[in-house]
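Numbering (numbering that gives the first Met the number 0) for the sequence shown: 0 to 425.
Glycine is no exception: its CB is placed at the ideal position from the N, C-alpha and C atoms.
Predicted model only: the values in this text are computed from it and were never measured.
Here is the structure we will look at.
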Amino acid sequence: MMDLDDLGLKAHNQSRADSHQQAFARLADTLTDAGADVEALLSRIQAFQVAIPSWALGTGGTRFGRFPGGGEPRSLEEKIADVGVLHALNRNSGAISLHIPWDIPTDPAAVRQLASHYGLVFDAVNSNTFQDQPDQAESYKFGSLCHADPVVRAQAVAHNLEVIQHGLALGSQALTVWLADGSSFPGQLNFRKAFARTLESMKEIYAGLPSGWQMFVEYKAFEPNFYSMVVQDWGSALLFTQKLGPQAKVLVDLGHHLPNANIEQIVALLMAEGKLGGFHFNDSKYGDDDLTVGAIKPYQLFLIFCELVYGMQQTGAQPLAWMIDASHNLKDPLEDLLQSVEAMLLAYAQALLVDQAKLEMAREANDVVMAQELLQGAFRTDLRPLLAEARRRAGGAIAPLTAFREAKVRAQLIRERGHKVLATGL
Ligand SMILES: [Mn+2]
0 MMDLDDLGLK AHNQSRADSH QQAFARLADT LTDAGADVEA LLSRIQAFQV AIPSWALGTG
60 GTRFGRFPGG GEPRSLEEKI ADVGVLHALN RNSGAISLHI PWDIPTDPAA VRQLASHYGL
120 VFDAVNSNTF QDQPDQAESY KFGSLCHADP VVRAQAVAHN LEVIQHGLAL GSQALTVWLA
180 DGSSFPGQLN FRKAFARTLE SMKEIYAGLP SGWQMFVEYK AFEPNFYSMV VQDWGSALLF
240 TQKLGPQAKV LVDLGHHLPN ANIEQIVALL MAEGKLGGFH FNDSKYGDDD LTVGAIKPYQ
300 LFLIFCELVY GMQQTGAQPL AWMIDASHNL KDPLEDLLQS VEAMLLAYAQ ALLVDQAKLE
360 MAREANDVVM AQELLQGAFR TDLRPLLAEA RRRAGGAIAP LTAFREAKVR AQLIRERGHK
420 VLATGL
């Protein structure tokens with residue numbers, strides 16, 4: 000296992016101390032002059048923790064091919080170590096989200112201990128009824144929770160209940176259910192029956208939720224089914240969660256909408272209903288592209304965070320589960336995750352900067368120009384020195400990506416794990 004002392008964070012921060020302090024002091028002056036509370040911003044940034052999914056630590060594939068990088072984690076323990084490295088660098092990656100059965104812990108107590116050694120907790124656990132496992136009796140080819148055959152539905156329900164048990168052993172408090180169920184051809188599926196069967200199955204899962212747990216229902220407009228998905232949009236997800244009960248919430252994945260959907264408006268309404276539970280961050284240009292957060296549409300990301308910040312102010316801090324859900328073929332997965340977390344933190348900090356009182360006045364006065372000025376003024380403020388200061392104070396790196404490269408982390412991992420390894424699960 001990689002020793003976190005090998006990251007050389009002290010030397011990294013010392014070599015950048017002067018230029019960082021100058022940049023931060025300049026920014027802090029500007030923000031203070033504009034009426035912002037810099038210390039309050041710093042503590043809110045430090046408190047923001049993003050869950051890293053266990054499946055994002057290897058090089059993702061496409062339907063056409065996969066080009067693995069070296070040193071990918073070969074076990075759950077190595078995945079935890081990788082997230083530990085990320086968290087040591089940026090201090091904002093303090094949670095890990097597991098996919099069952101890809102990451103079944105054989106010794107939960109030891110796994111928990113290892114995670115806490117790195118300062119990590121276990122976020123939502125994810126069930127998987129979108130592919131068949133070698134040892135399973137029934138196939139999910141024609142659906143899982145919606146399947147016409149009650150025996151298949153029962154198997155899918157039992158799997159979800161088993162996932163909850165794994166999560167309990169690790170200290171998780173939420174189950175995320177994403178279904179590939181749907182149809183690819185008109186006439187294939189009775190929409191109403193598919194919905195009703197799925198609801199009955201979900202009720203059985205919901206009944207098995209421990210107290211204090213939440214069940215997140217994740218929707219997706221299309222793929223892998225290309226005519227209809229049983230949980231196709233936030234409307235159907237909201238219907239399911241309303242029928243299930245207060246422990247059921249909707250999970251928004253940024254890549255799961257039809258093109259040009261106004262995601263920030265969806266977020267606003269779900270929060271107003273108290274029904275937003277979790278978030279999967281990624282970025283996309285066409286569909287569920289699973290690209291690095293903020294890589295394509297950083298302004299949309301900012302507008303979404305504006306609604307999240309406003310919603311949290313209005314309804315009290317709803318404990319939302321923030322997670323990255325991205326995977327692609329090109330970058331070092333750990334560098335990619337550092338970029339994603341940074342993009343989220345930047346959008347969050349910029350959203351915190353928006354003067355909500357002035358914005359509301361502009362809206363009430365129909366001052367469209369001023370409303371835009373207020374939003375874009377925050378979006379165009381370079382808050383990177385603020386993030387760096389938050390990290391430095393929390394014991395992380397002033398520049399995580401640079402520190403990662405300076406410490407030659409990937410080379411160390413390749414020496415330890417080898418060149419031709421495949422991360423388990425993908
Ligand atoms: Mn997702």
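Less than 9 Å between the C-beta atoms of V292 and L302, yes or no?
The residue you call residue 292 lines up with position 293 of the sequence shown. The residue you call residue 302 lines up with position 303 of the sequence shown. For V292 and L302, no; Cβs fall outside 9 Å.
Starting from L412 and walking both ways along the alpha helix (DSSP H), at which residues does that stretch end?
Here residue 412 is taken as the residue at index 413 of the sequence shown, counted from 1. It spans V408 to R416 - the alpha helix (DSSP H) in which L412 sits, taken as one unbroken run.
To the nearest angstrom, report how far apart V162 and G207 are at their CA atoms.
Reading the sequence shown from its first residue, position 163 is the one you call residue 162. Reading the sequence shown from its first residue, position 208 is the one you call residue 207. Cα-Cα distance, rounded: 11 Å.
Less than 6 Å between C-beta atoms, sequence neighbours within five positions excluded: which residues of the same chain meet that for V151?
Position 152 of the sequence shown holds residue 151. Within the same chain, V151 has close Cβ partners E137.
Looking at S42 and W426, is the spacing between their C-beta atoms short of 9 Å?
Here the chain comprises residues numbered 0 to 425, so residue 426 is not present and cannot be evaluated.
Per DSSP, G181 is paired with what?
Taking the first residue of the sequence shown as position 1, residue 181 is located at position 182. G181 is bridged to M228.
Which class does F63 belong to by DSSP, given the choice of helix, strand or coil?
If you number the sequence shown from 1, residue 63 lands on position 64. The answer is coil: DSSP assigns F63 none of H, G, I, E or B.
Beta carbon of S92, beta carbon of V340: below 9 Å?
What you label residue 92 is simply residue 93 of the sequence shown in a count that begins at 1. What you label residue 340 is simply residue 341 of the sequence shown in a count that begins at 1. Result yes, Cβ atoms of S92 and V340 sit closer than 9 Å.
Cα-Cα, which of I44, Q45 and H86 is closest to L333?
Position 334 of the sequence shown, counted from the start, is the residue given in the question as residue 333. The closest CA to that of L333, considering only I44, Q45 and H86, is found on H86.
When the Cα atoms are used, what is the spatial distance from H146 to E272?
The residue labelled residue 146 in the question sits at position 147 within the sequence shown. The residue labelled residue 272 in the question sits at position 273 within the sequence shown. Distance between the alpha carbons of H146 and E272 is about 30 Å.
Tell me which residues share the same chain as A108 and place their Cβ nearer than 7 Å to its Cβ, disregarding the 5 neighbours each side in the sequence.
As a position in the sequence shown, residue 108 is number 109, starting the count at 1. Cβ neighbours of A108 beyond the five flanking positions: none.
Return the chain-ordered list of same chain residues with a C-beta closer than 6 Å to the C-beta of A342, the five sequence neighbours on each side being excluded.
On the sequence shown, position 343 is the one that residue 342 refers to. Once the five neighbours on either side are set aside, the close Cβ partners of A342 are V292 and G293.
Based on Cα-Cα distance, which residue from I265, K330, S210 and A179 lies nearest to F141?
One-based indexing of the sequence shown puts residue 141 at position 142. The option with the nearest alpha carbon to F141 is A179.
If you draw a straight line from the C-alpha of P149 to the C-alpha of A157, how long is it?
Residue mapping note: residue 149 aligns to position 150 of the sequence shown, counting from 1. Residue mapping note: residue 157 aligns to position 158 of the sequence shown, counting from 1. Note on geometry: alpha-carbon atoms of P149 and A157 lie some 12 Å from one another.
Would you report the Cα separation of A168 and R416, rounded to the nearest angstrom?
The residue given as residue 168 occupies position 169 in the sequence shown. The residue given as residue 416 occupies position 417 in the sequence shown. Roughly 28 Å between the two C-alpha positions.
Whether or not the segment 196-213 and the segment 237-250 are in contact is what I'm after, with contact meaning three or more pairs of Cβ atoms, one per stretch, closer than 8 Å; do they touch?
yes
Starting from the C-beta of T240, find all residues in its chain whose C-beta is less than 7 Å away, skip the five residues before and the five after it, and write them out in chain order.
Your numbering for residue 240 matches position 241 in the sequence shown. Hits under 7 Å: V216, A247, K248, V249 and K274.
What would DSSP say about W321, mapped onto helix, strand or coil?
Taking the sequence shown and counting its residues from 1, one reaches residue 321 at position 322. Here W321 sits in strand by DSSP.
Measuring alpha carbon to alpha carbon, tell me which residue in Q130, A46, A350 and F63 is nearest E306.
As a first step, residue 306 is located in the sequence shown; it is residue number 307 there, counting from the start. Out of Q130, A46, A350 and F63, A350 has the C-alpha closest to the C-alpha of E306.
Mapping DSSP to helix, strand and coil, what is Q446?
The first residue shown for the chain is 0 and the last is 425, placing residue 446 beyond what the model contains.
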